Every structure is written in C-alpha cells, then in structure tokens.
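Participant: Residue numbers (the numbering used here): 37 to 252. Attaching a single structure in structure tokens format; questions to follow.
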C-alpha cells in the first residue's frame, strides 16, 4: 500500500514565484505593445544612520553651548573649554595649519552630507519594471547574481560560473569542461539573456560573458 506524498514546499513556492513572474511579464508585454512604460526611478534610502549621527552631534554641541550660556547669564563664569575656544579663534591667523585642516575636514563632511542628500543610495537593489507608476518593486543584487549563476550552470559544458553585477554591467565568467568554448559562450549568452528578461529590470545592465577551458 502506497501513500500519496505531498510535493515539497520549496517546489510549490518556486512554482508560485514562476507563475507570478510570468503574469507580470505578460502584463508588461501587453502594456509595452499598447504604449511606452512609465519611468522607473531607483528607490531612495532613508539614510537613518547618517541622519541620526548628524542630529546627535549637532544636538550635543548646541545643547552644551546653550547650557554654558545659561550658566553665564545666571552669574557663573564661562566654561574653560569655551573661553579657550574663543581665544584660539581670536588669536590664530587664517593661514594656521590647524585652522586649514579643520576647514578641510568640515568642508568634506558637508560635501558628504550633500552627496547623501542628492543620491538615492541602495545600490544593492535593482529596480524592476512595473505595470503602473504606483507600484514599486526591486530585486536584490545578490539574489539576481545567484539566479544568473544557476542559469549559467544549466548550460551544457559549464563546470563553474561566477557572476558579478555592478550598476551598469553584468560580468559572467564560466569554466568549460567539454564542448567548444565558442558554442558554450553562445549558449551561455542566450541563457543569461533569457534569465535577465524574466527579471524585467527597469535598466538592464550590459552583459559581458567570458569562458575559458577548464585545466586538468
């Protein structure tokens, strides 16, 4: 007597993911034939850590200075650090080495904050095309590299594959165990392009494929 075995949960999840992906691709294909797709922008990072550190430093400095000013207005003497800082700023010339170093450091910190404010960040997330502008979807760069590597390993003749994804380029390197390297490269390029089409990336990076015979 045999018992019916339920399919593994991983297989069911993979089938559901493929079904959702297929539906999304079909919707995008229909909308692409009907008209241009909406512009997809990269997601913006919240920059919580830099914002928190900047607010903490500014708040601590302003709070310390305000506390010392209140002490002076209450009839006490100014703190030694504020008196020394005022003397240093009043007596040191502008061409002093420490003044110039401090100005450069403050300028670099300010430039860094401006760059953080004007750039989206989240370089590890690749934006995907969506059927409408209200829907936003991203794909993790490491996950995309893993899926491309699995697609490369399914090509006959490939014994090992390495995928590196940058902002504008996907570099694929494969070791060939058998078959002609030119044939393997052609099949590998076709397989990777097919897998990239399934991702529906908003800005597909340029694909560069290199193969080499495996040394014994």
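Ideal placement from N, C-alpha and C gives every residue a C-beta, glycine not left out. Please read all numbers here as calculations on a predicted model, not as lab measurements.
#1: Taking the DSSP output, what are the residues bridged to residue 199?
#2: Contact check, residue 180 vs residue 189 under 8 Å by CB: the rounded distance?
#3: Excluding the 5 residues preceding and the 5 following residue 195 in the sequence, name in chain order all residues of the same chain whose CB lies nearer than 6 Å to its CB.
#4: According to the neighbour-count rule (16 or more other Cβ atoms, all chains shown, within 10 Å of its Cβ), is residue 166 buried or exposed?
#5: DSSP state of residue 234, grouped into three classes?
#6: Which residues does DSSP list as the beta-bridge partners of residue 176?
#7: Where does residue 244 sit, in a helix, a strand or coil, going by DSSP?
#8: Quick check on DSSP: helix, strand or coil for residue 192?
#9: In angstroms, rounded to a whole number, what distance separates the CA positions of residue 202 and residue 144?
#10: Using 10 angstroms around the beta-carbon of residue 111, count the other beta-carbons present and answer buried if the total reaches 16, otherwise exposed.
#11: Pick helix, strand or coil for residue 249, following the three-state DSSP scheme.
#12: What are the uninterrupted segments assigned as alpha helix (DSSP H) that are 4 or more residues long and contained completely in the stretch 99-142, given in chain order?
Facilitator: With the given structure in hand:
#1: Reading the chain shown from its first residue, position 163 is the one you call residue 199. Per DSSP, 208.
#2: Within the chain shown, the letter at position 144 stands for residue 180. Within the chain shown, the letter at position 153 stands for residue 189. In fact, because the Cβ distance is near 15 Å, the residues do not count as touching under 8 Å.
#3: In the chain shown, the residue the question calls residue 195 occupies position 159. Counting only Cβ-Cβ distances below 6 Å, and skipping sequence neighbours, we find 211, 213 and 250.
#4: Against the chain shown, residue 166 aligns to sequence position 130. Burial is judged here by how many other beta carbons sit within 10 angstroms of a residue's own beta carbon; residue 166 has at least 16 and is buried.
#5: In the chain shown, the residue the question calls residue 234 occupies position 198. Assigned with DSSP and collapsed to three states, residue 234 falls in helix.
#6: Stepping through the chain shown from its first residue, residue 176 is reached at position 140. For residue 176, DSSP records a beta bridge to 161.
#7: Here residue 244 refers to the residue found at position 208 of the chain shown. Three-state result, residue 244: strand.
#8: Against the chain shown, residue 192 aligns to sequence position 156. Coil at residue 192, not helix or strand.
#9: Translated into positions along the chain shown, residue 202 becomes position 166. Translated into positions along the chain shown, residue 144 becomes position 108. Taking the straight line from one Cα to the other gives about 26 Å.
#10: Locating residue 111 in the chain shown gives position 75, counting from the first residue. Taking all protein chains shown into account, residue 111 has fewer than 16 neighbouring C-beta atoms within 10 Å of its C-beta and is therefore exposed.
#11: Locating residue 249 in the chain shown gives position 213, where the first residue counts as 1. Residue state, collapsed to three classes: strand.
#12: Listed in chain order, the complete alpha helix (DSSP H) runs (minimum 4 residues) inside the stretch 99-142 are 116-127.
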